[in-house]
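Reading through the structure tokens given below for one structure.
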Amino acid sequence: MKNLLIHHRQSKWRKLVFFERETSMILKRLGYCCCFLCLSVVLHPFLLMADTSVDLTTLSLEELMKIPVSGASKFDQKTSDAPASVTIVTADDIQKYGYRTLADLLRSVRGINVSYDRNYSYAGLRGFSSTGDYNSRFLVQIDGHRLNENIYNQAFIGTELILDLDLVERVEIIRGSGASLYGSNAFFGVINIITKDSSGLGQPEVAGSYGSYDSYKGRLSYGRRFDSGFDLTLSGTDYFSKGQNLYYAEFDNSTNPGGIAHNADGDKSGTLFGRMKYGPLTLESAWVSRDKTLPTAAFGTDFNNKNTFTADKRWYLDLKYHQKVYTNTEITARVFYDEYQYEGHYSYSGLINKDTALGQALGAELIVSRPFFDGAHRLTAGAEFVENLTQHQQNEDVDPYKLYLNSTESNQKWAFFGQDEYRMTPWLRINAGLCLDHAPNFGNLVNPRLAFIVQPQDGTTVKLIYGTALRPPNAYELYYEDGVSQKRPLHLDPEKNTTYEAIVEQRLSANYRMSAGVFHYDIEDMIRQVHDPETDMLVFQNSGRMTAKGFELELEGVWTAGLRGNIGYTFQDARDKSTGETPANSPQHIGKANLIVPLFSDTWSLGTNLQYLSPRKTIDGTETDAAWIINMTLLAKNVRPGLTLSLSGYNLLNQKYKDPVGPEFRQNGIEQDGITFLLKMVFSY
Amino acid sequence: MSTPKHYYNYYRLHWFLLLCPLFLLGSFGLLQAEEVNQEYQLKAAFLVNFSRFITWPEQSFSPEHQEVTFCIAGKNPFGATLSAVDGKKISGRNIRVVFADSLQKLPQCHLLYVSSSEKNDLASLSSRVGYRPVVTVSDIPGFVAAGGSIEFVIKEDRLSFIINNSDLKQRGIQASAAMLDLAASVR
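Quick look at the structure:
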């Protein structure tokens, strides 16, 4: 994946004729969608009328516990109290909107764009979505365990994610630098995944789905809390997708008449998850193995060749101790082991170049949190130590054998962090954090963060946030070279992100909440891959300064019986300071709207996502088309005791749109899936 | 090159589609804004039901005050819902509902509902209530952990509650087994 070659680009060929022919079909389809959506929403109040006239106090507790709730406190207070702009997506959202992967989920979140190069998925926020940075500037955690591995610092969010999304209780998306509490990968944001407890799963629970392009998925889970207090969760998932035969105009020539990559889009993954809880102890482990064939002929490989693929394996073991002592002091301690294996096979004129990596790390963390001065202060202090046992990267031709790279590193890093939440007056809180990170080769990095949270009245929150994040280069950026296409840098400095945000959150009525925010990001010494004319190779370099400014608006609504939705808009203007140019893959406008409509009773629901991305620049200076995406999921929950069915349609408008990609591609953008469907069944015993 | 005509219609429709949910959100809000928050109607009904399952010690009632007193501390989130319960007979005793502006001004209560407006003042709650036979109830997250008796929680869109039975026992209050069975968790 990391072996780059440079190409001359062909001019972009736009399929306008095809586009026009498609339009009438799309309009028809769009009409159906719209009618269905409107009809279901219009009918909804009549279906609800029956249950409002009952005097609730005459009902028994059992009967009351069956009535669905809605109202102001359903707006998660956590998002208002947090010293950041936070979005929370719950298990219920995942089910009702039919999200298949974390990438799907993030696509529906305000201000986030996700691109897919038919290998990995990459998240972008605040106008920064570096092609080929492997999500190293986002921190992704599962139950507090870091998922970014120790070579590329890659966080997996597509089918390569270590966890089946069905096991997720909620996902917290925290925008902005979280480096003061979470360390250097929290450069643009933190994504916290919290898994369901054992009661959220059946004994056992079976799930199966079938989707477009011969995609099969099966899951078997078991969750039980025993009388002794011992709590067990086990789950396994297997996924296979045949993929599509994909057309690439760039390769439509005499060597590849038709320009189609046949059977080269296969995706296969398996995940395992296990957790045991007893008293204050939790032992958790997860494993994933995922193989993806690359149809795009990336890195200058042969086109229409099934032998180019990447295989990623990742697992971790995490033992956590969480206890409350002296009534109000919380202690969390953990020890963990992480492993990541990557193997990429790249076919060059039939010869296989093998690119491999192995990362192993052992670590420990201790966090203590305690209120002081009658609860006016809450202090949190922590320390983390990680022993990077192995950071191995190798590149070789298989036959005839030739070794290009064999780099092995091992080192230690540690960090101390502290945070004080000071409740100065009932309406003003100050949240100050500081992290001291000791990075191998880069000494001590200090990351501060300061937030003022003002709540002048019930329902209004104003947040002012300042923070910095220093990210030292990772092992890949520092040590990868193959002597052919990529050179190791002589010197790299950490890159630095300074962020300023102001957010206003206002509850408008029992049913509405609004949030508005402005942000300014300033990145110095951004680590980017550039072309070195002297050696004609690619090299990582601290190249200049990037800034981004913009604003966000969101309106959320929650009504009775589970009807809820939100609509968000983000304007962002990211620039390279020296050239004044907008970077590639940085949309200026992002629109998101999500709506869940219960139908007939609380058994049936219709979840709709709308997403808009404005045209994005590609690295050769052209622009991709804007993307308008509509996804819909019809869900029947407990249609028979324990049985849940859903039918989802994605990209219902069958939009042909491309995501911009990096210099490792001859294409300037990779076309995304058109309309696809998924039928899913879950049975819980 | 001129843009195909369809191209325009196509994009106008998209705008319409994006505005459609906004419009729907708006119209629904108007439709429902007048309705008293259903969640608190439900919570009020829970409070009434709790008093069916809970037995207070006899000495908490005086010969002249035989009714069960519900106190609401802080901003009243129930609207008129709870006032409608005032005077109602539950398990042989009348219910009396008393509203107090804050925790500082509390009369003698059997059941004390702590409104979320008091969330910054929980520290003084335990000192006010002491070990008297009072069932404290709230929907403030972490209420039970902070020493409260019952905390409302929402699980899978349904209202439920966490109960701190050891706290109740210390106060000489008995919660029936049926109520403990229904709780989301018992401490």
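Chains as they are written, first to last, in the numbering used here: chain E, 510 to 1194; chain B, 94 to 280.
Virtual Cβ for every residue (Gly too), placed ideally from N, Cα, C.
Taking the beta strand (DSSP E) that residue i belongs to, which residues open and close that run?
i	result
Ile-861/E	860 to 881
Asn-1094/E	Where Asn-1094/E is concerned, there is no enclosing beta strand (DSSP E), given that its DSSP letter is neither H nor E.
Val-222/B	No beta strand (DSSP E) holds Val-222/B; the alpha helix (DSSP H) holding it covers 215 to 222.
Ala-1136/E	1136 to 1149
Glu-893/E	886 to 906
Asp-194/B	Looking at the DSSP string, Asp-194/B is not in any beta strand (DSSP E), and its letter there is neither H nor E.
Ala-716/E	714 to 720
Any idea which residues DSSP pairs residue i with across the strands?
i	result
Tyr-643/E	Tyr-643/E pairs with nothing; no bridge assigned.
Ala-1025/E	Val-1013/E, Leu-1062/E
Thr-819/E	Lys-801/E, Gly-853/E
Gly-732/E	Thr-742/E
Arg-938/E	Arg-932/E, Ile-962/E
Met-1035/E	According to DSSP, which records beta bridges pairwise, Met-1035/E is partnered with nothing at all.
Could you check whether the Cβ of residue i sits closer than 7 Å to any Cβ belonging to chain B?
i	result
Gly-607/E	no
Leu-514/E	Confidence is the limiting factor: at Leu-514/E the pLDDT is only 38, short of 50, which leaves the residue's position unreliable, though a coordinate-based value still follows. No, Leu-514/E lies away from the interface with chain B (no Cβ there is under 7 Å from its Cβ).
Pro-880/E	no
Leu-565/E	yes
Met-574/E	yes
Asp-740/E	no
Gly-633/E	no
Asp-736/E	no
Gly-884/E	yes
Val-526/E	Note that Val-526/E scores 35 on pLDDT, short of 50, meaning its location in the model is unreliable; the coordinates nonetheless yield the value given after this. No, Val-526/E lies away from the interface with chain B (no Cβ there is under 7 Å from its Cβ).
Pro-1096/E	no
Pro-935/E	yes
Leu-1188/E	no
Leu-570/E	yes
Residue i: buried (16+ other C-beta within 10 angstroms of its C-beta) or exposed?
i	result
Leu-552/E	Any reading at Leu-552/E must be qualified, since the residue scores a pLDDT of 44, below 50, and its modelled position is unreliable; no value is offered.
Lys-575/E	exposed
Thr-1046/E	Looking at the sequence provided, one finds Met at residue 1046/E rather than Thr. Looking at its Cβ environment, which holds 16 or more other Cβ atoms inside 10 Å, Met-1046/E is buried.
Lys-262/B	exposed
Met-933/E	exposed
Ala-270/B	exposed
Asn-1140/E	buried
Phe-1109/E	exposed
Ser-1087/E	exposed
Gln-966/E	exposed
Phe-121/B	Confidence at Phe-121/B is low in this model, with a pLDDT of 49, below 50, so its placement is unreliable and no value can be given for it.
Val-1191/E	buried
Gln-131/B	buried
Glu-157/B	exposed
Leu-205/B	buried
At what residues does the alpha helix (DSSP H) containing residue i begin and finish?
i	result
Phe-739/E	Here Phe-739/E belongs to no alpha helix (DSSP H), and DSSP marks it neither H nor E.
Phe-146/B	131 to 146
Ala-271/B	270 to 275
Trp-1129/E	Contrary to the premise, residue 1129/E reads as Asp rather than Trp in this sequence. From DSSP, Asp-1129/E is part of no alpha helix (DSSP H); its letter is neither H nor E.
Arg-616/E	611 to 616
Output yes if chain E places a C-beta closer than 7 Å to the C-beta of residue i; else output no.
i	result
Val-237/B	no
Val-191/B	no
Ala-277/B	no
Arg-221/B	no
Lys-262/B	no
Ala-268/B	no
Ala-173/B	no
Val-228/B	no
Arg-186/B	no
Val-207/B	no
Ala-216/B	yes
Asn-169/B	no
Ala-166/B	no
Asn-257/B	no
With contact counted as at least three CB pairs below 8 Å, one residue from each stretch, are the region 894 to 913 of chain E and the region 928 to 938 of chain E in contact? Touching, no.
For the region 741 to 752 of chain E against the region 774 to 781 of chain E, are there 3 or more C-beta pairs whose distance is under 8 Å? Cβ pair count under 8 Å is three or more, so yes.
Please determine if the region 683 to 695 of chain E and the region 863 to 876 of chain E are in contact, where contact requires at least 3 C-beta pairs separated by less than 8 Å. Contact between the region 683 to 695 of chain E and the region 863 to 876 of chain E is absent, because fewer than three Cβ pairs lie under 8 Å.
Three or more C-beta pairs below 8 Å linking the region 877 to 891 of chain E and the region 821 to 840 of chain E: Enough Cβ pairs lie closer than 8 Å, so yes.
If we count Cβ pairs, one from each stretch, closer than 8 Å, do we get three or more for the region 625 to 633 of chain E versus the region 1137 to 1153 of chain E? Touching, no.
Quick one: any contact between the region 993 to 1000 of chain E and the region 1040 to 1059 of chain E, if contact means 3 or more CB pairs under 8 Å? Yes, the region 993 to 1000 of chain E is in contact with the region 1040 to 1059 of chain E.
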